[in-house]
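Before any comments, here is the structure.
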Amino acid sequence: MAKLVYLMRHLRESGADRKLQQLILELAEASKYIAHTIKTGEMGYAGTSNLYGENQLALDLLADKIIKDRLDHTGLVSYMISEEMNSIVSSHENAMGPYSVCYDPLDGSSLIDTNLSIGTIVSIMPGKQVLQPGKNQAAALYFLYGPRTELVYTVGNGTHIFVLNDAYEYILQSEYVTLNGFGNIYAPGGLKQEWTASHTLFINHLEDEGYKLRYSGAFVADINQLLAKKGGIFTYPALKGKQEGKLRMVFELFPMAFIIEQAGGAASNGTLRILDLEASDFSQRSPIYIGSKKEVALAAEFLKRI
Ligand code: AHG
Ligand code: MN
Ligand code: MN
Numbered sequence: 001m002a003k004l005v006y007l008m009r010h011l012r013e014s015g016a017d018r019k020l021q022q023l024i025l026e027l028a029e030a031s032k033y034i035a036h037t038i039k040t041g042e043m044g045y046a047g048t049s050n051l052y053g054e055n056q057l058a059l060d061l062l063a064d065k066i067i068k069d070r071l072d073h074t075g076l077v078s079y080m081i082s083e084e085m086n087s088i089v090s091s092h093e094n095a096m097g098p099y100s101v102c103y104d105p106l107d108g109s110s111l112i113d114t115n116l117s118i119g120t121i122v123s124i125m126p127g128k129q130v131l132q133p134g135k136n137q138a139a140a141l142y143f144l145y146g147p148r149t150e151l152v153y154t155v156g157n158g159t160h161i162f163v164l165n166d167a168y169e170y171i172l173q174s175e176y177v178t179l180n181g182f183g184n185i186y187a188p189g190g191l192k193q194e195w196t197a198s199h200t201l202f203i204n205h206l207e208d209e210g211y212k213l214r215y216s217g218a219f220v221a222d223i224n225q226l227l228a229k230k231g232g233i234f235t236y237p238a239l240k241g242k243q244e245g246k247l248r249m250v251f252e253l254f255p256m257a258f259i260i261e262q263a264g265g266a267a268s269n270g271t272l273r274i275l276d277l278e279a280s281d282f283s284q285r286s287p288i289y290i291g292s293k294k295e296v297a298l299a300a301e302f303l304k305r306i
């Protein structure tokens, strides 16, 4: 039988700073509580809304608290902000930790009642600044809570996938995951009637070329599908009357762009590389085209046309 590779050992051999390794291990511990809470916790609304006017679920808030409390105790984090918080918070009074963290505690939470897969997304920045260009990230990771719980991480040395086993340990499933130059699935976000003409032409082109529709409503699950199927594209475009699209740069786009680039893919806002962007505010959104290089480049070609 092949030898099991535990997360701790993989991190140790990753070349990442010791404190960064420790921080990722702490997040991995937090995810186990989140996975359990999703399975057994209260499914309804919390009766509150976040900064974006979205109704918060009890599970959104629980996942947020599980991560925040965990990070607070590590001493490894100066500042943190999540999609469910209204402002950046400092961890520890003196904010002395070597990293700052942005996270989406429960991505795809509107799917909870459907029992489809959802996730957690985390971006780790060096130092005390939460708002930095995406390319400054020290690490990015996501957890997928599906039939199996998975952890996918990068510290800038490839993208690696782990699966939680029955002893609640993350075991390496595949390392240095690589997307092919092109794929055959597409995940088109946003209402079709709100798409721009050029985006519509791009999606029509994919359909004419025989791409298979694969959109779940949870960014984590859709990105994980691109990694598992080794290519294709996910889009959440600029919409008529909503140029910035829906997904949030620091919580969702930066970490996923890092993970996909490290797997040999690409991520752009239609013209610019996502990781070259810097959010001026933590609530900033951006359109996204992410996946294999060919489809992301093709999207840019189509968007130039009109
Ligand atoms: P969140 O649950 O963190 O608010 O994120 C939802 C996001 C993302 O997961 C998904 O790709 C997208 O919203 C789905 O949006 P639509 O419902 O508009 O398809
Ligand atoms: Mn989300
Ligand atoms: Mn969320």
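Take the sequence shown: its letters are residues 1 to 306, numbered as in this note's numbering. Just so you know, even glycine gets a beta-carbon here, dropped at the ideal spot from N, CA and C. Keep in mind that this is a model prediction, so the values were computed, not measured.
Ranking Ala267, Lys65, Glu84 by CA distance to the CA of serine 286 puts Ala267 first.
Membership of methionine 43 in any alpha helix (DSSP H) is not indicated, and neither H nor E is assigned to it by DSSP. Look at tyrosine 33 here: in three-state DSSP terms it is helix.
Rounded to whole angstroms, the gap between the alpha carbons of leucine 111 and leucine 4 is 33 Å. At least 9 Å separates the beta-carbon of tyrosine 103 from that of valine 89. Across the set Val152, Gly181, Phe219, Leu179, the C-alpha of Val152 shows the shortest separation from the C-alpha of leucine 172. Residues lining ligand 2 by the Cβ criterion, that is a Cβ closer than 6 Å to any of its heavy atoms, are Asp104, Asp107, Phe219, Glu252 in chain order. Taking C-beta separations shorter than 6 Å and ignoring five residues to either side along the sequence, the partners of aspartate 64 in its chain run Ser82, Glu84, Pro105, following chain order. Three or more Cβ pairs closer than 8 Å define a contact, and the segment 269-280 falls short of that threshold against the segment 209-216.
Remark: the shortest separation between the CB of aspartate 222 and any heavy atom of ligand 1 falls under 8 Å. Not one heavy atom of ligand 3 falls within 8 Å of the beta-carbon of aspartate 113. Note that the C-beta distance between leucine 62 and leucine 27 is not below 9 Å. Contact annotation: isoleucine 223 and valine 296 have beta-carbon atoms that are not nearer than 9 Å. When secondary structure is reduced to three states using DSSP, phenylalanine 219 falls in the helix class. Between leucine 141 and isoleucine 259, the C-beta spacing is below 9 Å. In the DSSP assignment, the residues bridged to tyrosine 79 are Ser90. A direct Cα-to-Cα measurement between valine 220 and arginine 305 gives close to 30 Å. The secondary-structure analysis by DSSP pairs tyrosine 99 across a beta bridge with Val77, Pro126. Within the segment 180-252, the complete beta strand (DSSP E) segments at least 3 residues long are 185-188, 233-236, listed from N- to C-terminus. Contact between the segment 112-119 and the segment 228-243 is absent: fewer than three C-beta pairs spanning the two stretches fall below 8 Å.
Secondary structure note for alanine 257: its alpha helix (DSSP H) is the uninterrupted segment 254-262.
Rounded to whole angstroms, leucine 201 and lysine 128 show a C-alpha spacing of 43 Å. A Cβ-Cβ separation of about 5 Å places leucine 303 in contact with glycine 270 under the 8 Å criterion. The closest heavy atom of ligand 1 lies 8 Å or more from the beta carbon of lysine 68. Valine 155 places its beta carbon less than 9 Å from that of isoleucine 24. Our two residues, phenylalanine 143 and serine 31, have alpha carbons roughly 7 Å apart in a direct line.
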